[in-house]
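K.L.:
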Amino acid sequence: MKSERGAKGNGCFLLSSRVKSHIIIIILPQTYSEARSREVKGKGEGKMARSITYITGSQLLSLRRQPNIAIVDVRDDERSYDGHISGSLHCASDTFSDNIPNLVHQLKGKDTLVFHCALSQVRGPSCARKLVNYLEESKEDAGIKNVMVLERGFNGWEASGRPVCRCNNVLCKEGGSA
C-alpha cells in the first residue's frame with residue numbers, strides 16, 4: 001500500500017492498493033499522529049479564536065476529579081446501554097445545538113470541558129466546535145477557558161480498562177466530575 005499527501009496540500013492522505021485486479025483507494029483526512037497534535041481553530045471576530053485541543057485517556061484519568069473539569073458525553077442512545085465515563089454529563093449530539101445555553105448554565109464554575117463520543121472523530125469534535133462558536137458569539141463570560149476532545153473517545157477509554165459507570169442519570173454523580 002502506498003501513501004501520498006493530497007495533491008493540493010489539503011491535509012488529506014490517499015492510500016491506494018492493488019488487490020488482485022481491483023484498486024482500493026481510501027482517503028483519510030490525516031494521520032492519527034496529526035490528529036493527536038492538531039488544534040481545531042475557530043472563527044474569531046477581531047479577537048483570538050479559542051482552540052480545541054485533544055487530551056489522552058491517561059491525562060483525563062489523572063485530571064477528571066478536579067472540581068473545575070467537566071466531561072461531556074455527546075453520544076446519543078448508546079450511552080444508555082454501553083455505559084459512560086464515571087462523573088460525565090450527557091448531552092446528546094442530535095439535540096446539542098438547541099441545548100447549548102442550558103449546558104453552559106449547568107457547567108457554571110467549570111473552566112475545562114472535555115467532549116467525547118464513541119470514537120471522538122465526528123460528534124465529539126463537532127459539538128466542541130459548536131460550543132466554542134456559541135461562546136465566541138455570546139456576550140456573557142461563561143468562564144470556560146479550555147475545550148478539549150478525548151482521544152479515542154469512550155470506546156478507547158473503556159478498552160483501556162478505565163472506570164465506566166452504568167447508571168442512567170443524565171448527570172452521573174459517580175466519580176465526582178461534571
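The sequence shown begins at 1 in the UniProt record's numbering and counts up one residue at a time. Glycine is no exception: its CB is placed at the ideal position from the N, C-alpha and C atoms.
Give the DSSP-derived three-state secondary structure of Val104 in the structure shown.
P.N.:
Val104: helix per DSSP, three-state reduction.
K.L.:
Measuring straight from C-alpha to C-alpha, what distance separates Glu158 and Val164?
P.N.:
7 Å
K.L.:
Across which residues does DSSP place Thr53 in a beta bridge pair?
P.N.:
Under DSSP, Thr53 takes part in a beta bridge, and its partners are Met148.
K.L.:
Check the C-beta distance from Asn155 over to Ala118 and give it rounded, since I have them as a contact under 8 Å.
P.N.:
Confirmed, Cβ separation roughly 5 Å.
K.L.:
Which residues in the same chain as Val132 place their Cβ atom closer than 7 Å to its Cβ, once the five residues preceding and following it in sequence are excluded?
P.N.:
Gly42, Arg50, Ile52, Val147
K.L.:
From Ile55 to Thr95, what does the alpha carbon distance come to, in whole angstroms?
P.N.:
24 Å
K.L.:
Please identify the residue among Leu135, Asn68, Ser62 whose C-alpha is closest to the C-alpha of Asn102.
P.N.:
Closest in alpha carbon position to Asn102, among Leu135, Asn68, Ser62, is Leu135.
K.L.:
Compare the C-alpha of Lys173 against each of Ser86, Lys145, Gly153, Tyr81 and name the closest.
P.N.:
Ser86
K.L.:
In three-state terms, what does DSSP make of Ala142?
P.N.:
coil
K.L.:
Rounded to a whole number of angstroms, what is the C-alpha to C-alpha distance between Ala70 and Phe115?
P.N.:
9 Å
K.L.:
Count the other CB atoms, across all protein chains shown, that sit within 10 Å of the CB of Val74; report buried if there are 16 or more and exposed otherwise.
P.N.:
buried
K.L.:
Use the C-beta contact count for Gly153: other C-beta atoms within 10 angstroms, 16 or more gives buried, fewer gives exposed.
P.N.:
buried
K.L.:
Assuming Val132 is part of the alpha helix (DSSP H), what are its boundary residues?
P.N.:
123-137 is the span of the alpha helix (DSSP H), which, as asked, contains Val132.
K.L.:
Which whole-angstrom value describes the C-beta separation of Val170 and Leu89, a residue pair presumed to lie in contact below a C-beta threshold of 8 Å?
P.N.:
7 Å
K.L.:
Could you pull the DSSP bridge partners for residue 212 from this structure?
P.N.:
Only positions 1 to 178 of the chain appear in this structure, which leaves residue 212 out of reach.
K.L.:
Using DSSP bridges, identify the partner residues of Cys165.
P.N.:
Its beta-bridge partners are His84.
K.L.:
Ser120 and Glu151 look like a contact to me (Cβ under 8 Å); what is the Cβ gap, rounded to whole Å?
P.N.:
6 Å
K.L.:
From Tyr81 to Leu113, what distance separates their C-alpha atoms?
P.N.:
24 Å
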